Structures are given as C-alpha cells and as structure tokens.
Amino acid sequence: NLFESFIKLIASAIDAKSPYTGGHCARVPEITMMLAEAVQQTKDGPFADVAFSEKEMYELKIAAWLHDCGKVATPEFVVDKSTKLETIYDRVHELETRFGILRRDEEIKRLKKELKFERDDSLSLEEKAEQVKDLQKGYRKTLRDLKSDLEFVKESNVGGEFMSGDKKDRVHQIANYRWKPNGKVENFLSENEIYNLTIPRGTLTPEERKVINDHIVVTINMLEELPYPKHLQNVPEFAGGHHEKLDGTGYPMGLMKDEMTVQARIMAIADIFEALTAKDRPYKKGKTLSQAMRILGFMKNDAHIDVDLFDIFVKEKIYLQYAEGFLDPEQIDEVQI
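UniProt numbering puts the last residue of the sequence shown at 337; the count rises by one with no breaks.
#1: Applying the 10 Å Cβ sphere with the 16-neighbour rule, what's the burial state of residue 104?
#2: How far does the alpha helix (DSSP H) with residue 258 in it extend, from its first residue to its last?
#3: Going straight from the alpha carbon of residue 288 to that of residue 228, what length do you get?
#4: Measure the Cβ-Cβ separation of residue 212 and residue 74 and say whether it is below 9 Å.
#5: Any contact between the region 84-96 and the region 52-59? By contact I mean 3 or more CB pairs, one from each, below 8 Å.
#6: Hey, residue 135 and residue 99: beta-carbon distance below 9 Å or not?
#7: List the endpoints of the continuous alpha helix (DSSP H) containing residue 200.
#8: Does the Cβ of residue 263 have 16 or more other Cβ atoms within 10 Å, making it buried, or fewer, making it exposed?
#9: How do the region 186-195 and the region 37-48 stand: do at least 3 beta-carbon pairs fall below 8 Å, yes or no?
#10: Please classify residue 63 as buried or exposed, where buried requires at least 16 neighbouring CB atoms within 10 angstroms.
#11: Between the C-alpha atoms of residue 297 and residue 202, what's the straight-line distance to the nearest angstrom?
#12: My output table needs one value for residue 68: the three-state DSSP class, helix, strand or coil.
#13: Examine the ligand MG and report whether any of its heavy atoms sits within less than 8 Å of the Cβ of residue 317.
#14: Helix, strand or coil for residue 186? Go by DSSP, reduced to three states.
#15: What's the C-alpha gap between residue 311 and residue 266?
#16: Taking the alpha carbon of residue 167 as the reference point, which residue from 200, 143 and 142 has its own alpha carbon closest?
#17: Is it buried or exposed, residue 5, if we count other Cβ atoms within 10 angstroms and call 16 or more buried?
#18: Any beta carbon from chain D within less than 9 Å of residue 185's own beta carbon?
#19: Under three-state DSSP, which class holds residue 44?
Below is the structure:
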C-alpha cells in the first residue's frame, strides 16, 4: 500500500545517502522479522507464551524499516568518513606531499655535504670517497625510514578494529619530524591530525561518533511527531531502542532489560548482526558467520543483548537463513557455539 511504500522509500533514500551503509535499512527488517517469526514458533522457554498478533508483527516491521530514519539529519561527510584523516577530502594526500618534501630536504642536505667534502682540500681522494659513501648510506637509510613511516601513516589512516599503544606512539614520533612550510619550521603533524590518526577503532573521533549516535535521538523525535493509528503506537519505542543494551550501557536512554520490550530487543540483535556482516562498511570487511556469532556470543555474556533471544537466533539458525540470502559465499563458514 501507499503508506508502506512511502516508508520503504524513506529507508531507500537513507541507504542511498551513503555508499558505506547502503542496504542497511532494508536488511535489518529482514533479520528482525526472521527472529520475530522464530519467537512466534517457540514452544518452550521464556518466550513460550509470546504470540505477536498480525498487527503487532506489522508494527514491528514498520519500526524496523524506520529504525534509522534520523540519519537524514546526519552530515554526509561524517557518515561517509572512510578514513581517519578524511574531512570533505582525505588529508592523507597532504601528508604524502610532506613526506615528499622531507625526502627532497634530505637529498639537498646530502648534496650540500658532498659538495663540502669535494671542496675540502685537507681531505685525500680516498677520504672524500669514504665520507661520500657514508653520507649516501645514511641517506638511503633515511629514505627507507621515511617510506616505512609513510606506509604506516597510510595504513593507520584506514582504521580498523584496534590500534595498539605502540602504533599510537609511532604516530607521535612521526609528528615530531620537522618541516618548513612557507619558511616557518613546524611539527610534521598537527594536533588534529595526531588526534585523528590515533583513533583506536574505526575512523570516527568521539565527537564524530556522537554525531552519528545522535541519529537515534532524531529518529525518536521524528517518529514521535507522527499521528499513528492505535496499532502502530509503539513504532517510536521499537525503532528507538535498537542501540540500547540490557545492562543499561546503551544509548540514548540507558535502558535496562526490564525497561525494553521484546520487540526492541529483537531489533537490537538484528541491527548488530547486520552491521557485523555488512561488507560495505568503510573501515572493515564484512565478518564471516563464525566471527559475527562469536562477537554476539561475547555480547550475550556481557548482558548487552538478550540471552534467550540469542539462543533462539542460534537454535533456529536465523543467522544461516539470513546469510544464504544476503551474504557472499566466502562469508558463510561453519559456526560452532
């Protein structure tokens, strides 16, 4: 119908807004409804008496389609930040230029010293040759070090799951190089560049991550403004709870398990599983099934997701059902829980 088509249109627009989260708004409803259907079929355990009506299932589906609608207000340059140094453009290219300047300066220094030795009449030809040989040896080592440092900076710029203390220390060491733009000697890296390059996980600074996280507040505010019919009254609560954790450490409200509906807890698992296996994120490859399920298992143990819902997710092989329709073959491996 027109209403549902319009909702899917909004979700499609949000997915189209970013090449790195494209399809997320469409895939989360798939997982959500698979898990909800499995809960419906459960004959024992805590959910044995849970029976969603047809209207409740529809309400959950609408909430799943709209769960990220607040991202329409999130700046694109933050959503699309695929490297640590990216703003409107990727500043790593500026650093490549600076490394080129350092290499040029080293060559100039070497040539000046060689010329000085050549003009020194107090040195024999053999001594001059030895001095030049030592200079060139040191110069080649410096070039190797600069090349290694540039590769390290480019690698660090991409982001990842973890950045060690040693790597952060190396960024600070590189920052202490000196270069001379416009005739003024400066540190090689600015404080902002150091701050971004030492981001421990992913590509976002804490401030940028807050901007991203605020999309859920915008989602709730947007959805609460709509005049829902009675059977859709819970859409804002379901959609707005997918970043909450059962131990109260989630956002935006820090809800505990007993403050969350079953539907919101279902959506939380769906959102996490899709994000883990998504192959279009800027700073990581899509995880295999075994990797994603292991992480969900850790989250279950840490009381971040619902234990009983996770058990259904595993027992009914919802992860495999989804994988066969949406993941690449190389992501589908054996899962041992």
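Backbone N, C-alpha and C define an ideal beta-carbon position, used for all residues, glycine too.
In this text, all values refer to a predicted model and were calculated from it rather than measured experimentally.
Let's see:
#1: By the neighbour-count criterion, in which 16 or more other beta carbons inside 10 Å mark a residue as buried, residue 104 falls on the exposed side.
#2: Run containing residue 258: none; DSSP gives neither H nor E here.
#3: 39 Å
#4: yes
#5: No: the two stretches stay apart, fewer than three of their Cβ pairs being nearer than 8 Å.
#6: no
#7: Judged by DSSP secondary structure, residue 200 falls outside any alpha helix (DSSP H); it is assigned neither H nor E.
#8: buried
#9: no
#10: buried
#11: 21 Å
#12: coil
#13: Of the ligands one can find in the structure shown there are none, so the ligand MG has no counterpart to examine.
#14: Three-state DSSP puts residue 186 in a strand.
#15: 12 Å
#16: 200
#17: exposed
#18: Looking for chain D here will not work: only one protein chain is present.
#19: coil
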